[in-house]
Amino acid sequence: MINISKEKWGFDSNIIIYALDKKSPFFLKTEEFFASIEKSNFFITQQNIIEIEKVLITFYHLDKKDVVKRVGLFLESFEFTLVTPRPSTLMKYHEILKLYKRKSFFDLYLASTYLDNEVYNFFTVNVKDFKGIPDFKPINPFKLV
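Numbering-wise (the UniProt record's numbering), the sequence shown opens with residue 1 and increments by one.
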């Protein structure tokens, strides 16, 4: 088992999508990652859930009821805690937005939501998209297994 400590960990939507898509080239790595980690302080945002469901319904053409059920069961099985934007999240987002030239608005808002909820560690395959955000630590989980 990989000990990722008792710190809080946020997840990017792509990690959950890979875990739910058996045809994904990342499915086995994702399965291995989740099998190797102890249940910890895992967090997910409303934005993640909406993005995951959008991808599975719109691009994978899966049934809406089935998607909602599968996503819910997956998050329950790993005891994810839902975090939501706070009144101060928009201010945090604007602070971070001023630092970046690239236009990854939704990624910056996602990071702002996690940071505003004191979740500083973040699993993503797209580390470069989140690199350089103050106090935010993006980590590729596949480098741990």
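Note that CB positions come from ideal geometry on N, CA and C, so glycine has one too.
- [ ] Could you name the residues that DSSP lists as bridge partners for Ile139?
- [x] Residue pairing for Ile139: DSSP places it in a beta bridge opposite Phe123.
TODO: Could you tell me the boundaries of the beta strand (DSSP E) in which Val145 lies?
DONE: Note, Val145: premise wrong, no beta strand (DSSP E); not H, not E.
Task: contact_flag[the region 4–13, the region 108–127] where n(CB pairs < 8 Å) is 3 or more - done: Put simply, the region 4–13 touches the region 108–127. At least three CB pairs are less than 8 Å apart.
Open item on the list: On the criterion of 16 or more Cβ atoms from any shown chain inside 10 Å, does Ala35 qualify as buried, or is it exposed?
Closed with: When all chains shown are included, Ala35 counts as exposed.
Task: Distance between Lys54 and Lys22 (C-alpha atoms, nearest Å) - done: Lys22 and Lys54: Cα-Cα distance of roughly 17 Å.
- [ ] Would you mind working out which of Lys143, Phe27 and Glu79 sits nearest Ser40, comparing C-alpha positions?
- [x] When each option's Cα is compared against that of Ser40, the closest is Glu79.
TODO: Would you mind reading off the limits of the alpha helix (DSSP H) that contains Val68?
DONE: Element bounds for Val68: Lys64 to Ser77.
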